[in-house]
Structure formats: C-alpha cells, structure tokens
Amino acid sequence: MQTSGERVGVQNIGGRGKNKGNIDIGGRTGFKDPLTLIVITSIALGLIILICIPFPFLNFIVSLIYKPVKENPFNILLLGLDEVIEGTVRTDAILLAIIDHVEGKVVLSSIPRDLMVDGSKINSVYERKGIEALENVVEDLTGLKINRFALVNYDVFKILGDELGPIEIMVNEPMYYHDYVQNLTIDFKPGVVYRMKGDELLAYIRYRKNALGDIGRLERQKDVLKKMFEKAKNMDIFRLGRLYSKLKKLMKTDLDLSEVIYLFSKVSKNGQMSFIGFPYTINDRGEVIVDKKRLGRYRDSLKELPVSGIRKSYRIVILNNSTLKNRVFEARVRSRWRKVMGWEPEKVIWEDTKINMKGSHVFVLSRSMVDKEAILGFLKKVYPEETFKVHMVSWMEDIDEYYEIMEKLFEKRIYVERPIDALIILGTLGGG
C-alpha cells in the first residue's frame with residue numbers, strides 16, 4: 009500500500025508559570041529594589057515549576073482556575089464558514105456538538121445546509137438574521153438548548169492538521185480539482201493511504217466534485233473529525249491552550265478558554281465520539297425538507313446519547329447483492345440503520361460488483377465472540393426478517409471467498425479502508 013503527503017512533525021509547545029505570595033525582603037538579598045526581587049523570584053519559581061513538577065500535577069493546578077461547566081449535556085453549535093470558496097458569509101456546514109462531560113461522550117449531528125426552513129435554506133439564516141436567529145432555528149429542530157456557538161473558517165482544519173497530524177486517510181476514488189482564483193489544486197489517487205497535514209487535509213475536506221457532492225464531503229469531514237478526536241486525546245492542557253489561541257483568530261465564539269479546558273479534561277481520557285444523522289427527505293420540487301415522521305425519534309436519540317450503549321465503534325461495510333443497482337440502495341440502507349441503530353455503517357457499496365453469491369451473508373473479521381454476537385445483534389435489529397449466512401473469516405472460514413470479493417472490489421476501483429469488523433452482503437433492497 010502506498011503512502012503520501014507526510015510532512016515534518018508538530019512543534020513542541022511550552023508554557024509559562026507564575027507564583028503569587030508574600031516574599032520576605034531583607035537587607036541580605038543584594039537587591040535595593042523590592043519590585044526587582046519579586047519579579048526575579050517569580051520567574052525563577054515559574055521555571056522550577058515547569059522543569060521539576062510533572063504534568064499531572066500541573067493539570068491539577070490549572071484545574072483550580074478553569075471554569076467548571078454546570079450544564080450537562082453541554083451543546084455547542086458549530087458553523088463552518090467557507091468564504092473563500094463560496095464568496096458569501098453563508099454557513100457552509102452546520103454541526104451540533106452534544107458533550108456529556110459527566111460520562112465523557114461526544115455526539116455530533118450535521119444539519120444539511122440546504123434544509124428548507126420557513127421558505128428559505130437554513131444556511132442563509134445567519135447571513136440574514138444573525139447567530140441568535142440561527143440558534144433558535146436549531147433549537148426548534150433538535151429540541152435542545154444551545155449553550156455556546158462557534159463560527160469557524162475552514163482554515164482551522166489546516167491548523168488542526170499541522171498540530172495533530174499527520175492524519176492517515178485512505179482515498180477511495182480519484183479526486184482532482186484546480187481553482188485558479190485560489191491557486192488551489194486537489195489531486196489524490198484512489199487506493200493510496202495519505203498521511204495528511206495542513207494544506208492537504210484542508211483540500212481533502214473541501215473537495216465536493218465527486219458523485220456524492222456535499223454528502224460525500226460530509227462523510228469525509230466526519231471521518232477526519234473522528235481521527236482528530238483520537239489524536240487530541242494525547243494533548244496536555246498547555247498545548248491545548250496554545251492551539252486554542254491559534255484557532256480563535258479564525259473563530260467567532262462565546263466559548264471561554266476555561267470552558268474549553270474543562271470540557272477537554274472530561275472527555276479526553278476515555279471519551280467516545282459518534283454521529284447521529286439528521287432526518288431529512290426530498291420533496292417533489294427537489295428541496296431538502298425535514299422528515300417529520302422521523303423527527304421525534306431523532307430528538308429522542310439526541311437526548312439519549314446512544315454512544316453509551318455501544319461497547320466500541322464497529323466498522324461495518326455493506327455490499328449490495330440486491331436487484332436495486334443504484335444510489336437509492338445506499339440511501340435506504342443508511343436510512344434504515346439511522347432509524348433503528350442511531351448510527352450508520354462505515355461504507356455502503358451500492359454498485360453492481362457481480363459477486364457470485366445468493367442471498368445475504370456476513371463475513372465477521374474480528375476474532376472476538378463478543379464482537380460477533382454484537383454484529384449479529386445489529387443485523388437482527390435492522391433486518392429482523394432477513395437470514396444471514398455467517399462466515400468467521402478470522403477463524404479461516406471461507407477466507408478465500410472473502411478475498412475473492414475484496415479483489416473484485418479492487419478491480420472495480422472500489423476501495424475499502426481496513427481493518428473492518430464485518431463485511432455484510434445484503435440481498436434485500438436495504439429497507440427504508
């Protein structure tokens with residue numbers, strides 16, 4: 009497997025310490041100016057703290073000055089602004105972050121930017137009426153109170169990529185685009201694992217020229233956010249403070265640094281991140297509208313924070329083995345999983361791969377019996393009327409058949425980023 013795009017690592021970020029207290033200024037110090045002695049003593053003590061005291065204790069010291077967040081869960085409205093590409097101040101991405109800082113869970117839900125609200129697209133609300141109006145709209149849709157907001161420029165991904173990267177990304181299809189106005193070139197090859205930082209990562213998440221358009225772009229952004237979340241868990245609070253000061257130049261927010269430090273400290277150790285899709289549908293005029301039939305369940309899912317019921321994030325790939333050979337199959341599959349499980353499979357392959365199999369199958373790649381039972385439990389919930397033949401690939405059952413399928417996918421330029429927990433061959437039409 010090829011790799012590309014690796015750059016020099018992240019700068020080490022230090023900090024400054026201060027000491028406050030009463031100092032006995034006597035004639036034996038040699039300093040005539042008491043203020044000079046205070047300054048020098050403070051600097052010396054600060055250096056001693058930074059050099060000698062371990063980071064866990066420093067974290068404790070900072071915990072004495074950070075601002076505890078009382079509301080739980082704590083809901084932050086994240087708005088992506090792509091002024092350079094769009095040429096407007098409309099919100100290019102709308103993301104709700106629900107942070108349970110007691111349980112250490114983060115749930116993200118993306119609201120389609122083209123969603124029609126009161127006769128106009130939701131991404132125009134901020135431009136026309138301001139942040140409070142947009143917060144009110146999102147609160148009405150989700151049933152949750154917005155505690156803070158952050159309006160960010162897409163260049164934050166460039167900074168995050170440099171600080172947290174490299175981020176490993178498997179590119180599944182050709183991605184080429186050149187913007188002469190911005191002097192921006194996107195050129196990624198399928199089947200290559202890129203180690204992306206800065207400019208490359210920004211270009212990757214911006215790309216929207218593929219067949220799935222904005223949907224594909226949102227999926228890539230979700231993948232990048234998950235990987236960044238895992239990388240960020242290893243940061244100490246001083247590095248976090250330095251990073252936040254850089255990001256704030258590209259943000260408009262009412263979040264305090266003390267709140268950021270508090271929330272980070274609560275979710276960074278064993279925190280989990282998951283995504284809940286927003287319930288939308290397309291009307292006869294081709295407009296994106298709220299799916300009112302599923303809106304109630306969506307609101308319940310946001311309040312329940314379903315990540316708590318999942319032992320781990322299972323990477324499941326679903327392969328079309330039905331008579332429906334178009335993107336409607338993928339839409340049905342994702343809709344069914346969102347509706348029943350509250351989350352979606354890692355990848356849905358809707359194309360006709362001409363595999364020589366009948367019915368539905370599940371190839372389990374994990375050796376764990378717990379994982380096997382969990383995956384079969386998912387299938388029983390999502391497709392209660394479907395019968396699946398089970399293949400334990402990790403136990404060398406039908407391993408040749410599994411690799412034959414993967415080879416056919418590769419021949420058709422369909423790439424699956426591994427490792428995965430299960431490959432599901434779905435003989436039904438995907439549900440609804």
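For reference, each letter of the sequence shown is one residue, going 9 to 440 in my numbering.
Virtual Cβ for every residue (Gly too), placed ideally from N, Cα, C.
Please name the residue or residues paired with residue i in a DSSP beta bridge.
{"i": "I84", "result": "A105 and R156"}
{"i": "R214", "result": "DSSP output for R214 lists no bridge partner at all."}
{"i": "I119", "result": "I102"}
{"i": "M259", "result": "V160"}
{"i": "I284", "result": "Note: I284 sits in no beta bridge, so no partner."}
{"i": "D195", "result": "Y184"}
{"i": "I297", "result": "T289"}
{"i": "M124", "result": "K129"}
{"i": "V114", "result": "I107 and M281"}
What span of residues does the alpha helix (DSSP H) with residue i cover, start to end?
{"i": "V275", "result": "L265 to V275"}
{"i": "Y252", "result": "I245 to L255"}
{"i": "S343", "result": "R335 to M349"}
{"i": "V325", "result": "Careful: V325 lies outside any alpha helix (DSSP H), inside the beta strand (DSSP E) at I324 to N328."}
{"i": "T331", "result": "Taken as a continuous stretch (DSSP letters only), T331 belongs to no alpha helix (DSSP H), as it is neither H nor E."}
{"i": "I139", "result": "I139 to T150"}
Along the chain, where does the beta strand (DSSP E) that runs through residue i open and close?
{"i": "M178", "result": "I175 to M178"}
{"i": "I442", "result": "Here the chain covers residues 9 to 440 and nothing more, so residue 442 does not appear."}
{"i": "L303", "result": "Taken as a continuous stretch (DSSP letters only), L303 belongs to no beta strand (DSSP E), being part of the alpha helix (DSSP H) at K300 to E312."}
{"i": "V201", "result": "V201 to M204"}
{"i": "K420", "result": "Element bounds for K420: n/a, residue is neither H nor E."}
{"i": "I290", "result": "Y288 to I290"}
{"i": "S132", "result": "Element bounds for S132: n/a, residue is neither H nor E."}
Could you check if residue i is buried or exposed, using at least 16 other CB atoms within 10 Å of its CB as the buried criterion?
{"i": "A211", "result": "buried"}
{"i": "D429", "result": "buried"}
{"i": "Y5", "result": "Residue 5 is absent from the structure shown; the chain starts at 9 and stops at 440."}
{"i": "R342", "result": "buried"}
{"i": "K217", "result": "exposed"}
{"i": "F418", "result": "exposed"}
{"i": "Y270", "result": "buried"}
{"i": "V232", "result": "buried"}
{"i": "A158", "result": "buried"}
{"i": "A442", "result": "Coverage of the chain is limited to positions 9 through 440, which leaves residue 442 absent and any answer about it impossible."}
{"i": "M9", "result": "The predicted position of M9 is uncertain, since its pLDDT is 46 and thus under 50; a value taken from the coordinates is nonetheless stated next. That one is exposed."}
{"i": "R228", "result": "buried"}
{"i": "L55", "result": "With a pLDDT of only 48 at L55, under the threshold of 50, the placement of this residue in the model should not be trusted, and no figure is reported."}
{"i": "S374", "result": "buried"}
{"i": "K241", "result": "exposed"}
{"i": "A245", "result": "Note that residue 245 corresponds to Ile in the displayed sequence, not to Ala. Buried."}
{"i": "N328", "result": "buried"}
{"i": "K333", "result": "exposed"}
{"i": "D170", "result": "buried"}
{"i": "D100", "result": "buried"}
{"i": "Y134", "result": "buried"}
{"i": "R293", "result": "exposed"}
{"i": "N131", "result": "buried"}
{"i": "F272", "result": "buried"}
{"i": "P120", "result": "buried"}
{"i": "N30", "result": "In this prediction, N30 has a pLDDT of 39, which is less than 50 and means its spatial position is unreliable; what the coordinates show is noted afterwards. The residue is exposed, with fewer than 16 neighbouring Cβ atoms inside 10 Å."}
{"i": "Y184", "result": "exposed"}
{"i": "N161", "result": "buried"}
{"i": "T136", "result": "Position check: residue 136 holds Arg in this sequence, whereas Thr was assumed. Classification for R136: exposed."}
{"i": "R426", "result": "exposed"}
{"i": "P353", "result": "buried"}
{"i": "V114", "result": "buried"}
{"i": "P182", "result": "exposed"}
{"i": "K274", "result": "buried"}
{"i": "P76", "result": "exposed"}
Is residue i close to chain C? Criterion is C-beta to C-beta, closer than 8 Å.
{"i": "E419", "result": "In the displayed structure, chain C is absent; only one protein chain is listed."}
Are there any heavy atoms of the ligand GTP lying less than 7 Å away from the beta-carbon of residue i, as far as the coordinates show?
{"i": "P182", "result": "Inclusion of the ligand GTP in the displayed structure is not the case, the ligand content being empty and no account of it being possible."}
Quick check for students: name the residue ranges of the beta strand (DSSP E) that lie wholly in the segment 356-412, counting only runs of 3 or more. 368-372 and 396-400
Quick one: any contact between the segment 390-410 and the segment 360-372, if contact means 3 or more CB pairs under 8 Å? yes
Is it a yes or a no for the segment 76-87 touching the segment 140-157, going by three-plus beta-carbon pairs under 8 Å? yes
For the pair the segment 192-203 and the segment 167-180, tell me if three or more CB-CB distances fall below 8 Å. yes
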